[in-house]
Amino acid sequence: MATFLNKFFKLKEKGTTIKTEVLAGLTTFATMAYILAVNANILSAAGLDEGAVFVATALASVVGTVAMALLANLPFAVAPGMGLNAFFAYTVVIGMGYSPQLALAAVFTEGIIFIILSKTGIRTALFNSIPMTLKYAVGAGIGLFILFIGLKNAGVVIADGATYVTMGHLKNAAPALCLIGVVITIILMLKKVKGALLIGIVATWILGILAQLTGWYQIDIAAESYDLIPSSLVSLPPSLGPTWLLFIDGFKEVFSNASGFFTFISVTFTFLFIDVFDTVGTLAGLSSKAKMLDAHGKLEKSDEALMADAIATTVGAVLGTSTTTTYIESASGIQEGGRTGLTSIVVSIFFAISLLFAPLFLTIPAFATATALVVVGVLMLEPIGNLKLDSLEDLIPLGITIITMPLFFSISHGLAFGFISYVVVKAAAGKFKDISVLMWILAILFFLQMVFVG
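Letter by letter, the sequence shown follows residues 6 to 459 in the working numbering.
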């Protein structure tokens, strides 16, 4: 077996060993396992069955990560993406009022388009045609959106008639424990502890159990405050039936009226657009960290890596989960020495094993998973530091994109205002050379969407 693994994954050629790859895979899984609970929690808010989403999340992660290993031989893990799941649940379903079936149909369509684009190289060209200002602004805006969702889910931010939103009462267990969990997670990250996000979630959950036992946390099904103590540790996985092939029903909704079709195209494109940013940007960052880029800054088998992501997205939609993407948390495994697809195989094995621990993952409350949303949201602001903000024509669209996403509670509206403002400001400044043909097209399409669809 050792000889086969060495030969198949080219371990000696890549300067690594089986032991190193296994340790790297375990480390990567530990840093991203939080997605199992978080994704199930977010998509259940859109009306999808939480247990089925948990299974779909795990299986889509297995498929994508194995594909990354076999097609590209890279130590990168794939799973449903943060931001993309928030767009699915809170913008498309809750915000726009469309069914989760339609959202899954859009994800499936996006996956098919990605497979085609990955084969032709258009996907990378699309990424390169978007100005860096908007690339960073989109990531930061999604970060604030995720952060806001986390605070809202935990009750740290609540609705208020006079000021629209205000701070929740910290005498209540959920918001107080969430903030404590955020502090714990940040301390762990500052101490460079592996799996800080997952540990922070679990620590917050344990504190919640103690709060329940002492009476501070009260079970109230009507208020969505559930029992925090799992009924068992291990069990057979929940049924995938409630989400399996659900996307097919979504296509019926698409063609029910003209505006529905137009919105479907818009939603699909937004999924596509965010995923392009997420995957290509993450691949570039991880490859640079692992020193896998050639003299021209290109990654060997990048097309295969993009294909793995596209396959996982398509399969994920069939299973019943939102768009998948390459995870930046793969950097933790790379830091441990992971250099080949064997690292990814190990990650996928742990995702498969996690299916047996559904009672644990599904009992984790929203205020505990919210700690990961808050911290991840803050971390997504980091790329802004790469920009020079002394130019008004860059600063204006950047600021508009970032602030409109959380204010409008919509990633797609944030994209629309960001793209339109970029074209308008650059045109007003007479810098037409900075506006690509694609940017003109996107700005016009976004404008028409806001005028005729809303």
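Just so you know, even glycine gets a beta-carbon here, dropped at the ideal spot from N, CA and C.
As the structure is a prediction and not an experimental result, all values here were calculated from the model.
In three-state terms, what does DSSP make of residue i?
| i | result |
| --- | --- |
| L332 | Going by the sequence as given, residue 332 is Tyr instead of Leu. Here Y332 sits in coil by DSSP. |
| I135 | coil |
| I405 | helix |
| V198 | coil |
| V349 | The sequence shown places Ser at residue 349, rather than the Val named in the question. Residue state, collapsed to three classes: helix. |
| A29 | helix |
| S230 | strand |
| A164 | strand |
| D283 | helix |
| D395 | coil |
Run the CB neighbour count on residue i, radius 10 Å, all protein chains shown included, and call it buried at 16 or more, exposed below.
| i | result |
| --- | --- |
| A313 | buried |
| S415 | buried |
| M410 | buried |
| D280 | buried |
| N391 | exposed |
| S123 | buried |
| D232 | exposed |
| H418 | buried |
| V442 | exposed |
| Q454 | buried |
| I369 | buried |
| V380 | buried |
Starting from residue i, trace the alpha helix (DSSP H) both ways and give me its first and last residue.
| i | result |
| --- | --- |
| Y39 | Y39 to S49 |
| V207 | A201 to T219 |
| V68 | E55 to A72 |
| P105 | P105 to T125 |
| V83 | No alpha helix (DSSP H) holds V83; the beta strand (DSSP E) holding it covers V83 to P85. |
| I253 | F252 to V259 |
| L384 | A371 to L384 |
| T8 | A7 to F14 |
| T319 | S307 to L324 |
| A433 | I416 to A433 |
Looking at C-alpha atoms only, which residue of the options is the closest neighbour of residue i?
| i | options | result |
| --- | --- | --- |
| F282 | Y103, I425 and P388 | P388 |
| A77 | L182, T348 and I449 | T348 |
| V170 | M444, L412 and L450 | L412 |
| A421 | L403, K436 and F452 | F452 |
| G56 | E115, T326, L175 and I449 | T326 |
| S359 | N177, S66, L53 and T22 | S66 |
| I425 | L109, M101 and I405 | I405 |
| V161 | A228, G144 and A181 | A181 |
| F274 | V351, L447 and V323 | L447 |
| D439 | E398, Q217, F362 and L450 | E398 |
| L79 | T32, L16 and T248 | L16 |
| I135 | L361, I408, I117 and L403 | L403 |
Can you name the start and end residues of the beta strand (DSSP E) that residue i belongs to?
| i | result |
| --- | --- |
| T171 | Y169 to M172 |
Tell me, to the nearest whole angstrom, how far the beta carbon of residue i is from that of residue j; I am working on the premise that it is less than 8 Å.
| i | j | result |
| --- | --- | --- |
| G186 | A164 | Not confirmed; about 23 Å, so no contact. |
| T329 | V83 | 5 Å |
| F356 | A63 | 5 Å |
| L89 | F366 | So it is not a contact: roughly 20 Å between Cβ atoms. |
| I189 | G205 | 5 Å |
| F252 | Q106 | 7 Å |
| A373 | W221 | Rounded, the Cβ-Cβ distance is 15 Å, inconsistent with contact. |
| M37 | A310 | With 8 Å as the limit, M37 and A310 do not qualify as a contact, their Cβ atoms being about 17 Å apart. |
| T346 | F14 | The question names Thr, yet the displayed sequence has Gly at residue 346. Going by Cβ atoms, the distance from G346 to F14 rounds to 5 Å, so yes, they are a contact pair. |
| A228 | A375 | With 8 Å as the limit, A228 and A375 do not qualify as a contact, their Cβ atoms being about 16 Å apart. |
| A29 | G246 | About 35 Å; that fails the 8 Å criterion. |
| G321 | I151 | About 19 Å separates the two Cβ atoms, so there is no contact after all. |
Does chain B have any CB closer than 8 Å to the CB of residue i?
| i | result |
| --- | --- |
| A317 | No chain B appears in the structure shown, which is made up of a single protein chain. |
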